[in-house]
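With numbering that gives the first Met the number 0, letter number 48 in the sequence shown gets 47, and the count goes up by one each step, no holes.
Even for Gly, the Cβ is constructed at its ideal location relative to N, Cα and C.
Being a predicted model, the structure only gives us computed values, none of them experimental.
The next block holds one structure in the form of structure tokens; read it before the comments.
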Amino acid sequence: MRTNNSLKNMATGLISQGIGLVISFIVRMIFIKTLGTDYLGVNGLFSNILTMLSLAEMGIGSAIVFTLYAPLANRDIPKINQLMNFYKKIYIVIGSFVFFTGLCLVPFLEDLIKDTPNIPYLRTIYLLFLLQTVSSYFFAYRKSLISADQKTYVLTIYYRVLDIILRIAQVIMLILTRNYIIYLSLWVGMTIIENIIIAYKAHKMYPFLKEARGHSLDKETKQEISKKARALVYYRIGGVLVGGTDNLIISRFVGIAYVGLFSNYVLITQAIAGIIGQIFSSTTASIGNLNALEGKDKTFKIYTQMLFLNFWLVTFCSVSIWILSNPFITLWLGPEFVFSPTTVLVIVINFYISLSLQTTSIYRSVFGLFIHGKFVPLFQAFINIVVSVGLAIQLGVIGVFLGTMISNLLTVFFAIPYYLYKYGFNKSVNDYFIRYFKYTIIALISAVLTTLLCNQIVEITLTTLVIKGVICLIIPNFIFISCFCRTEEFKNLYELLKKLIQNGKI
Numbered sequence: 000m001r002t003n004n005s006l007k008n009m010a011t012g013l014i015s016q017g018i019g020l021v022i023s024f025i026v027r028m029i030f031i032k033t034l035g036t037d038y039l040g041v042n043g044l045f046s047n048i049l050t051m052l053s054l055a056e057m058g059i060g061s062a063i064v065f066t067l068y069a070p071l072a073n074r075d076i077p078k079i080n081q082l083m084n085f086y087k088k089i090y091i092v093i094g095s096f097v098f099f100t101g102l103c104l105v106p107f108l109e110d111l112i113k114d115t116p117n118i119p120y121l122r123t124i125y126l127l128f129l130l131q132t133v134s135s136y137f138f139a140y141r142k143s144l145i146s147a148d149q150k151t152y153v154l155t156i157y158y159r160v161l162d163i164i165l166r167i168a169q170v171i172m173l174i175l176t177r178n179y180i181i182y183l184s185l186w187v188g189m190t191i192i193e194n195i196i197i198a199y200k201a202h203k204m205y206p207f208l209k210e211a212r213g214h215s216l217d218k219e220t221k222q223e224i225s226k227k228a229r230a231l232v233y234y235r236i237g238g239v240l241v242g243g244t245d246n247l248i249i250s251r252f253v254g255i256a257y258v259g260l261f262s263n264y265v266l267i268t269q270a271i272a273g274i275i276g277q278i279f280s281s282t283t284a285s286i287g288n289l290n291a292l293e294g295k296d297k298t299f300k301i302y303t304q305m306l307f308l309n310f311w312l313v314t315f316c317s318v319s320i321w322i323l324s325n326p327f328i329t330l331w332l333g334p335e336f337v338f339s340p341t342t343v344l345v346i347v348i349n350f351y352i353s354l355s356l357q358t359t360s361i362y363r364s365v366f367g368l369f370i371h372g373k374f375v376p377l378f379q380a381f382i383n384i385v386v387s388v389g390l391a392i393q394l395g396v397i398g399v400f401l402g403t404m405i406s407n408l409l410t411v412f413f414a415i416p417y418y419l420y421k422y423g424f425n426k427s428v429n430d431y432f433i434r435y436f437k438y439t440i441i442a443l444i445s446a447v448l449t450t451l452l453c454n455q456i457v458e459i460t461l462t463t464l465v466i467k468g469v470i471c472l473i474i475p476n477f478i479f480i481s482c483f484c485r486t487e488e489f490k491n492l493y494e495l496l497k498k499l500i501q502n503g504k505i
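Following this line, the structure appears as structure tokens:
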């Protein structure tokens, strides 16, 4: 059952991400041609501001989802109802807080932008972003129940169908009106519709939710959630300040137009990260179920297989982004929208560092290791902001990305695997870093060989882009398979794939 649910989550997620990727590129191209890069920069800036406001969530969602794994595995309906009723009340408070805090920022919006662009109704645009964000909080608890029950594929299907309808409507409105307010209003409206539909679906899937009202959570569980949430606050703050401040720093110290340029690379890296994320996050609830019912030895064995697959995919994707992103953006939007190769290299290194930690981060969450190393994200955020601002003033936009890279390498790069191995697996973290070093050496060799070969192709056309894409597909994967085909992790993955093809299940 765990494997079947993971496969459904993974398959629907990958298909959804693929469709979404194509649609996003089309919409972005039309957006830039109809509205320009300043609007694109404002879009990225306000998204980051609302990301900062999401700090109000304080990690309570992750803490409650973690506590849902065991009741769902054991079908403990009363406990689930108690948790969901508590979750609902908490998120009403959080949503209200985010809304009123967001309103307080309205008078200061112009102070966040260097050389404020001539964009009318800037505050109305911000308020639409705020409304879209807040509306999601009041329905979050139902989505989390479906996800924790290993049925993320249900959410994915509804989201993608509605997203396709939204994007078609947005493109039509952009072409007909060139009006950003209408573009955003459609987004807000569809978000509300999606949340209502998911809420209805959750009640159909879990009829017992109708009985959730009046179920009070016991004091001991509240204390456990509070304990984990307090630790998660630091992770939440660190994650938001690292991931949510780049556009703010670029906007304030470099210029809003650079936020627009960066957002094109973000679209590419986040789309690819989303595909990788679907592969691994689709198994999160299943890992939680496995950990709740079986021992750590089995969990560690699955972890090493996932870690190997993680590095394999991240190597292939990192090399591909490095080689293909600038030629692709040149053909897609024009040469004036690309960064220098050095800047792209730093973006790719950040992508590699971040995504290579994905499996380890998932397992840390599944084990509920929120308390251990809780101050690390704060150090990461502090280093990131100080170094990014300092380097942005000295070096420009590349300095912001260097700040992110340095903060990652000095903190979470070591801390996340250390605490997982020590408190989750009860093993030496040396095992992890040996694996990391081994996989990264192969990644570097793959990148160098692919670069040397692709550099022989100077002309930028659709044909040469496809040729480079084929080279990126062949070289990194061939090297990875050649080097690791005799390892236990590769053999186990091969056997798993063979069983899935033969039987459709395990």
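Through-space distance from residue j to residue i, alpha-carbon basis
i, j, result
"LYS88", "GLY276", "29 Å"
"VAL41", "LEU130", "16 Å"
"ASN84", "SER215", "7 Å"
"CYS482", "CYS316", "18 Å"
"ILE505", "ILE301", "Its pLDDT being 42, under 50, ILE505 is placed unreliably in this model, and the value from its coordinates should be taken loosely. Cα to Cα, the separation comes out at about 14 Å."
"ILE48", "ILE405", "23 Å"
"ILE163", "GLY19", "8 Å"
"ILE278", "VAL313", "12 Å"
"HIS202", "LEU208", "6 Å"
"ILE181", "ARG27", "16 Å"
"ILE192", "MET172", "19 Å"
"THR298", "VAL253", "46 Å"
"ALA446", "TYR152", "34 Å"
"GLY503", "PHE413", "Reliability of the predicted coordinates at GLY503 is poor, the pLDDT of 46 falling under 50, and the value obtained from them is presented with this limitation in mind. Using only the alpha carbons, I get a separation of about 38 Å."
"PHE30", "GLY188", "19 Å"
"LYS337", "ILE91", "The sequence shown places Val at residue 337, not Lys. Their backbone Cα atoms lie some 42 Å apart in a straight line."
"VAL469", "ILE459", "15 Å"
"ILE124", "LEU44", "11 Å"
"MET51", "VAL457", "42 Å"
"VAL170", "SER143", "31 Å"
"GLU488", "SER364", "22 Å"
"ASP430", "LEU126", "49 Å"
"TYR157", "ILE167", "16 Å"
"PHE128", "SER46", "7 Å"
"ILE271", "ASN476", "17 Å"
"ALA10", "GLN149", "13 Å"
"LEU161", "SER15", "11 Å"
"ILE118", "LEU185", "19 Å"
"PHE369", "ASP217", "21 Å"
"LYS226", "THR66", "12 Å"
Residue i in three-state terms, based on DSSP
i, result
"LEU104", "coil"
"THR460", "coil"
"HIS371", "coil"
"GLN149", "coil"
"LEU509", "Lying outside 0 to 505, the shown extent of the chain, residue 509 is not represented and no answer is given."
"PRO119", "coil"
"ASN491", "helix"
"ASN383", "helix"
"TYR205", "coil"
"ASP217", "coil"
"SER324", "helix"
"ARG141", "helix"
"PHE338", "coil"
"VAL428", "coil"
"GLY35", "coil"
"ASN73", "coil"
"GLN357", "helix"
"VAL465", "helix"
"THR450", "helix"
Heavy atom of the ligand ADP within 7 Å of residue i beta-carbon
i, result
"CYS316", "Although the ligand ADP was asked about, the structure shown includes no ligands whatsoever."
Chain B within 8 Å of residue i, Cβ atoms only
i, result
"LYS142", "Considering every chain present, this structure includes no chain B. It has just one protein chain."
Assigned exposure category for residue i - 16 Cβ within 10 Å defines buried
i, result
"GLU219", "exposed"
"LEU175", "exposed"
"ARG485", "exposed"
"CYS103", "exposed"
"PHE400", "buried"
"LEU451", "exposed"
"GLY333", "exposed"
"SER262", "buried"
"PRO506", "A query on residue 506 cannot be resolved here, the shown segment of the chain reaching from 0 to 505 and no further."
"GLN222", "exposed"
Original post:
Using 8 Å as the threshold, is the stretch 326–346 in touch with the stretch 457–466, meaning 3 or more CB pairs across them?
Top reply: yes
Original post:
Counting pairs of beta carbons, one from the stretch 336–351 and one from the stretch 391–403, are three or more of them closer than 8 Å?
Top reply: yes
**OP:** May I ask you to verify whether the stretch 69–79 touches the stretch 93–111, counting CB pairs closer than 8 Å and requiring at least 3?
**Re:** no
**OP:** Taking 8 Å as the threshold, find out whether the stretch 372–387 comes into contact with the stretch 346–353 through three or more Cβ pairs.
**Re:** no
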